[in-house]
Each structure stands twice: as structure tokens, then as C-alpha cells.
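See below for the structure under consideration.
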Amino acid sequence: MSITEIRVPEMGDFKDVAVIEVHIKLGDDVVLDQTLVVLESDKASIDVPSPFAGRIASVELAIGQRVSKGALIATVEAAAAADEAKPAAKPEAPAATAAAPAATPAPSSASGAAADCDVLVIGGGPGGYSAAFRAADLGQRVIMVERDATLGGVCLNVGCIPSKALLHVAAVKEEAERLGDHGVVFDTPTVVLDKLRSFKAGVVTKLTDGLKGMARLRKVEVVRGTAKFADSGSVEVELFDGGNRRIVFAKAIVAAGSVPVKLPFLPDDPRIVDSTGALELPFIPERMLVIGGGIIGLEMATVYSGLGARVDVVEQLDKLLPDVDRDVVEAWRKRNAHRFDAIFLGARVEIVVAEEDALVVTTSGEVGGVRRYDLILQSAGRRPAAEALQLASAGVTIDARGFIEVDAQMRTRAANIFAVGDVTGNPMLAHKAVHQGHVAAEAATGLKSFMDAKVVPSVAYTDPEIAWVGVTEDAAKAGGRPVEVGKFPWAASGRAIANGADYGLTKLVFDKETHRIVGGAIVGPAAGDMIGEICLAIEMGADAVDIGKTIHPHPTLGETIGMAAEVAEGVCTDLPPTRMRRWGREAAPSPIVG
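If you read the sequence shown in my numbering, its first letter stands for residue 188, the second for the next number, and so on.
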């Protein structure tokens, strides 16, 4: 026998948390995974389990104390090695949780081997970890296979989160520069790339550490490696640390994500990067070319422009952000006229030659020509990362574009295999993947759960932001669908004027027959934070009266949603009556606003 210390483990972004329950006393016998204490932060309650079996020799914590990682919980007189190897007996579920579906027995591999887990999740991004955690919360034994060093997928590691950290810095820098027009003048800022990279990395680490802690608290086993289906009940995993492992499962959820499309005509040169490379901030170029006028391209253009680069954009289509109404995009372009040397629409990059001192680019189109750049970002889209999974071995089918075919429960052609996120089709968005992950986990455990959301919002986190959801006016007209529109220009918003955001616009689209809202778009600061109200209105079947008569706080940017609905109804008193038309004809801003 030996005395061993038990300390507070790594808990992600938690420190100085309160001890609210102590479940042990001197002399107690504890088993592996038995809860010792419960901690509580402002975010969650956290059970701290025993890492081994033994007898409590001392208890070092009391209710009311505050602790962080490494604090001593107790000392334990460890049991014999043979006893330590025994897993804790799972307590019977209390009656209050009896509604949770039972774990599915899993002798499902071709060999008939016993299952290693109830649910196997392939991929640790937003869709994957959401599915894994939900399944664990429903009482399932879960294994999650992740091909990268940390959980979080593209979004947390090299996508949504690091890009937002850099966009925040660029936006604050530019806002500080604009304050000079209002009497607050700062010295010219200096960009220290090493510190900026460190800030970005710190944001990512805080979140990925949090995921690691939540996986441990839910007893989700994380396996580092790449998985391939052997059959409909097992996978072979090539482990990071060498060797292979076969995992037999009852149900599987594929959340393998996506990878950038690589343009074949581009040479192999470190100055030509995808979004991952751009986020590494190799240097601040004097001149930068962005290939692709979608969300990723425009966000990275915003970052590099804000840090001092001059940027051109080449877009093959005749407009930026093709899923957004032209009038909304035009409001964005006017605000960003200073940001770009040129935006080439209906143009293509034909040839790129890597010279020692520049990348020489030949473009076609009305303004085709030869130009020189220091850095090129290729952001021509993403494709599903499903090829290497050997899906056919499991009876899972894909469509002509490489997306896994699923039903409303996220179930594939193989009844025990589900798929979520980017591998299932557009839009490739983390928030869609999270909802799909919850549906798949619930369906896999027998719940009647379906992906029945009417709409999925999109946001370009540029400066200013653009957010949109549902049916656009342009698409409705092209499809012959009668719609009515309410538009409220932020030039009539007191808060927007005070914030220097009077260039903004809120636009709502209503079905002409039912008068229910079917779409909307916002351009301006915090557009992404406001679009949720429009999403909820669509999901609830609200009409212009419902939205307009909902009292919004004043003065806020959010009240422009209510005012746009009032414009659609012809009852808006914040615009001149002489220009007022029911159902959203153009309305000039009032010179008098509150």
C-alpha cells in the first residue's frame, strides 16, 4: 500500500472555483471514477472523479473553499494493483433520469466482436464534439477519434476563432484611427507580429483546453489518429504515436469536416497560402491578392488590410458574396472603398509565376492584366473531407460532389451510421454542424430527433459585418416568388449616427401572400449578433406586425429590425411620410432622429 495525492485536474478555462459538495470522508473506500468533490464556476458545475481505487487517508478540501488546478483534494491509500485495474461499478440511474435512452448493445462488426463503445464519433470539431458530448450526456459510452493534435477542428484551431481574434484586433486598430476625426488622436500604431500571433494562439488554447476538460469530465475517450471504416461496425485507426487500433462500435457519427480547395494552376510557393496559412501571419505584405470573394476571402482581406496591406480581390462571379442581395453588398462595398485597390468581378486568375521578389499574376476579364503581389490567398471554397474514410466499406453513400447522403435524422444509408457538418453539404458552418451533431447523437440513442430548422444564418465578420438568413429578394424575384421588402437605412438611427455607423442597412423580406417573414439581411457593426432575432422570427412564423410591435430598446442598432418591419407595414414614424410606402419602397432617412 502507498499514499497517493489526488489533485484538482486540468479543467479548461476554470480557476478559483468554489467547492460546493464533498462526497468523501476519512476512511471511505472509493472506486475508480467515483465523484470526490463537486466544484462550481459561473459557467458550470464540475464533478471531480477519483483517478483510482483506494481508501481515503485524508480530506484536504471543505465546502466553501475556492480552488484551481493542482489544489490538493485528498490523499488515498491506494488499493492493490489488481484492485486498481477494476473499473468502478456504474450506479443505477435514478428515477428522474429514467427517460434517457438505454445504451444500445453493439455486437455490430462483421466479426461479431463485442463493441468498444456505444457511439463512435469521427472528428473533434464543432459537429463532432457536440455529438460526442450529447451522446455522453445521454448515458452512452463514447469514443471520439480526432486526426489533429487538439480538439476543436478547423473552427477552433485554424478557422472561426483565430480569424475572429485577428478581426477584432484589426477592427479596434481602425476604430482608434477613426477617432481622430472626433478629437481623440493616438500615435501611429506599431504592429508587433509575435505578440499578435501569441494573442491569437492564447485564444485558441483557452478554448481547446476547455474542450479537453469537458471530454474528460464526460468520460469521452479521445483517440488521436485517422480512422477508416473496416465494415459497418468497426474502424481501423492509424494512431499518432504509431501502431493501429481497431474500434468496434454500435453507432457511429461521421464529423470529418472539410479541407480547402487547392487551385491546380497555382505554383508551390510559401507566399501562396490558404486560410490556414494566412492565419499564421507569416508577414504583412505590401500588396496582397485574394482569390475568391466569399466569406473567408473577405474576412482575411479585412485582417490584412487593417494591419497595413493593400489588397486586390479577384472573383469569378459578377458579384461578391453571391448569396446576399446586391443592395446589401453595395452598402458594404461603399464602406470598404478605402480597403481595396481593386475588386475584379467576372474575372479569373490565369497564370501565376513565382519570381524571387514577387508573385506575377495574369488575370482575365474586363480589367485583365499583369500585376505583382507579395502574398496570395487562395480562398476558392472548401470540399468535404470524406475521401479517406473508406465509406463504401460501411455501406455509406456519397453524392456527385462528395457529400455524405443523410436524412433528417442525419442517418446515412447505413442504419447505424450518421453524419454531420461539412461532410453533409452546404452551408459549411459550425453552428449548423453543432445542431446536426445534437440531432445525430439523440437519434443514435433512440430519441425522435430531427434536423427541422427552417433556416441557417450566415455571417461575414468583416468590418462592417454582413449577416443574412433565409430568402433573399434577388433569389425570390429570380424564382418568381412574390415578396415584399422592408428596408431601414441606419442613417435614420440615432444609435448608428452616434456610433459612426450611419452607412448601415437592415432589410427584411416577407412573403406577399402570408405576410410572414422569410428572410433578412443586416450590414453594419454587430450584424452577426442581431441576425438571431430574424432567425427566430422566421422559425416562429412572425409577420411584420409581430416584429414591429415587439418593443425594442432605444437607442440600439437592434431596433432597426423593428423599424424595418414598420416600413414594410407602412407605419414607420422614423422616416418622412412623403416617401413612405407600404411594403418597403425606398424611404429617405429622417433628418430628425431620437
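Glycine is no exception: its CB is placed at the ideal position from the N, C-alpha and C atoms.
> Given Ala282, which residues of its chain have a CB within under 6 angstroms of its CB, disregarding the five upstream and five downstream residues?
Replying inline: Residue mapping note: residue 282 aligns to position 95 of the sequence shown, counting from 1. Residue placement at Ala282 cannot be trusted, given a pLDDT of 36 that sits under 50; the coordinates are not used to answer.
>> For Phe531 and Val554, which I take to be in contact (beta-carbon distance under 8 angstroms), what is that distance rounded to the nearest angstrom?
In response: Looking up residue 531 in the sequence shown gives position 344. Looking up residue 554 in the sequence shown gives position 367. In this structure Phe531 touches Val554 by the C-beta definition: roughly 6 angstroms separates them, less than 8 angstroms.
> Just checking my contact of Val705 with Val672 at CB under 8 angstroms: how many whole Å lie between their CB atoms?
Replying inline: The count along the sequence shown starts at 1 and reaches residue 705 at position 518. The count along the sequence shown starts at 1 and reaches residue 672 at position 485. The pair is not a contact, with the Cβ atoms about 11 angstroms apart (cut-off 8 angstroms).
> Would you call the CB atoms of Ile409 and Ala417 closer than 8 angstroms?
Replying inline: Residue mapping note: residue 409 aligns to position 222 of the sequence shown, counting from 1. Residue mapping note: residue 417 aligns to position 230 of the sequence shown, counting from 1. In the sequence as presented, Ile is not what sits at residue 409; that position holds Val. Against a cut-off of 8 angstroms, the Cβ pair of Ala417 and Val409 comes out as no contact.
>> DSSP three-state label for Asn344, please.
In response: Residue mapping note: residue 344 aligns to position 157 of the sequence shown, counting from 1. Residue state, collapsed to three classes: helix.
> Any idea what DSSP makes of Gly687, helix, strand or coil?
Replying inline: What you label residue 687 is simply residue 500 of the sequence shown in a count that begins at 1. Coil.
>> Pairs of beta-carbons, one from the stretch 742-762 and one from the stretch 711-730, closer than 8 angstroms: are there three or more?
In response: By the C-beta criterion, the stretch 742-762 is judged to be in contact with the stretch 711-730, since at least 3 inter-stretch pairs fall below 8 angstroms.
>> So for Val422, helix, strand or coil by DSSP?
In response: Counting from one through the sequence shown, the residue named residue 422 turns up at place 235. In the structure shown, Val422 falls within a strand segment according to DSSP collapsed to helix, strand and coil.
> Ala541 and Asp456 look like a contact to me (Cβ under 8 angstroms); what is the Cβ gap, rounded to whole Å?
Replying inline: Walking along the sequence shown from the start, residue 541 turns up at place 354. Walking along the sequence shown from the start, residue 456 turns up at place 269. Contact holds; Cβ gap of about 4 angstroms.
> What distance in whole Å lies between the Cβ atoms of Ser645 and Leu616, which are believed to be in contact at a cut-off of 8 angstroms?
Replying inline: Within the sequence shown, residue 616 is the residue found at index 429, counting from 1. Within the sequence shown, residue 645 is the residue found at index 458, counting from 1. Contact flag correct, Cβ pair sits at about 7 angstroms.
> If you pair each beta-carbon of the stretch 225-241 with each one of the stretch 204-212, do three or more pairs fall below 8 angstroms?
Replying inline: Between the stretch 225-241 and the stretch 204-212 there are three or more inter-stretch CB-CB distances shorter than 8 angstroms, so the stretches are counted as touching.
>> Out of Gly444, Val332, Leu219 and Cys342, which one is the CA nearest neighbour of Phe436?
In response: In the sequence shown, the residue the question calls residue 436 occupies position 249. Check the Cα spacing between Phe436 and each of Gly444, Val332, Leu219 and Cys342: the tightest is with Val332.
>> Let's test the definition: count the other Cβ atoms within 10 Å of the Cβ of Phe373 and tell me whether it reaches 16, buried, or not, exposed.
In response: Mapped onto the sequence shown, residue 373 falls at position 186. Flag for Phe373 reads exposed.
>> If we require 3 or more residues per run, which beta strand (DSSP E) segments fall completely within the stretch 454-532?
In response: If we require 3 residues or more, the beta strand (DSSP E) runs fully inside the stretch 454-532 come out as 474-478, 497-502 and 527-532.
>> Less than 8 angstroms between the C-beta atoms of Pro236 and Gln252, yes or no?
In response: As a first step, residue 236 is located in the sequence shown; it is residue number 49 there, counting from the start. As a first step, residue 252 is located in the sequence shown; it is residue number 65 there, counting from the start. Not in contact: Pro236 and Gln252 (Cβ atoms no closer than 8 angstroms).
>> For Thr549, which residues in the same chain have their Cβ closer than 7 angstroms to its Cβ, ignoring the five residues on either side in sequence?
In response: As a position in the sequence shown, residue 549 is number 362, starting the count at 1. Only Glu537, Ile538 and Val557 meet the Cβ criterion.
> DSSP on Cys722, reduced to helix/strand/coil?
Replying inline: Position 535 of the sequence shown, counted from the start, is the residue given in the question as residue 722. Cys722: helix per DSSP, three-state reduction.
>> Give me the DSSP bridge partner(s) of Asn431.
In response: Indexing the sequence shown from 1 puts residue 431 at position 244. DSSP lists Glu425 as partners of Asn431.
> Which of helix, strand or coil does DSSP assign to Lys273?
Replying inline: Here the question's residue 273 lines up with position 86 in the sequence shown. Low confidence applies here, because Lys273 scores a pLDDT of 42, under 50, leaving its location unreliable and the question unanswered by this model.
> Under the DSSP definition of a beta bridge, which residues are partnered with Phe416?
Replying inline: By 1-based counting over the sequence shown, the position of residue 416 is 229. Val422, per the DSSP bridge assignment.
> How would you write the range of the alpha helix (DSSP H) that Phe373 sits in, first residue to last?
Replying inline: Residue numbering aside, residue 373 sits at position 186 when the sequence shown is read from its first letter. Premise fails: Phe373 is in no alpha helix (DSSP H) and is neither H nor E.
> Where does Gly412 land, buried or exposed, given buried means 16+ other C-beta within 10 angstroms?
Replying inline: Sequence index remark: in the sequence shown, residue 412 carries index 225 (1-based). The residue in question, Gly412, is buried, as its Cβ has 16 or more Cβ neighbours within 10 Å.
> Just checking my contact of Arg405 with Asp324 at CB under 8 angstroms: how many whole Å lie between their CB atoms?
Replying inline: Stepping through the sequence shown from its first residue, residue 405 is reached at position 218. Stepping through the sequence shown from its first residue, residue 324 is reached at position 137. Between the beta-carbon of Arg405 and that of Asp324 there is about 7 angstroms, and that keeps the pair under the 8 angstroms contact cut.
> Between Ala602 and Lys415, what straight-line distance do the alpha-carbon atoms span, to the nearest angstrom?
Replying inline: In the sequence shown, the residue the question calls residue 602 occupies position 415. In the sequence shown, the residue the question calls residue 415 occupies position 228. Each residue's alpha carbon lies about 18 angstroms from the other.
>> On the DSSP bridge list, what partners appear for Glu227?
In response: By 1-based counting over the sequence shown, the position of residue 227 is 40. Partner(s): Ala205 and Ser232.
> What is the residue span of the alpha helix (DSSP H) that Asp661 lies within?
Replying inline: Your numbering for residue 661 matches position 474 in the sequence shown. Asp661 -> alpha helix (DSSP H) spans Glu660 to Ala665.
> DSSP on Lys256, reduced to helix/strand/coil?
Replying inline: The residue you call residue 256 lines up with position 69 of the sequence shown. The three-state reading of DSSP puts Lys256 in coil, since its state is none of H, G, I, E or B.
> Going along the chain, which residues of its own chain have a beta-carbon closer than 7 angstroms to the beta-carbon of Lys351, five neighbours each way excluded?
Replying inline: Taking the sequence shown and counting its residues from 1, one reaches residue 351 at position 164. Same-chain partners within the cutoff: Tyr648.
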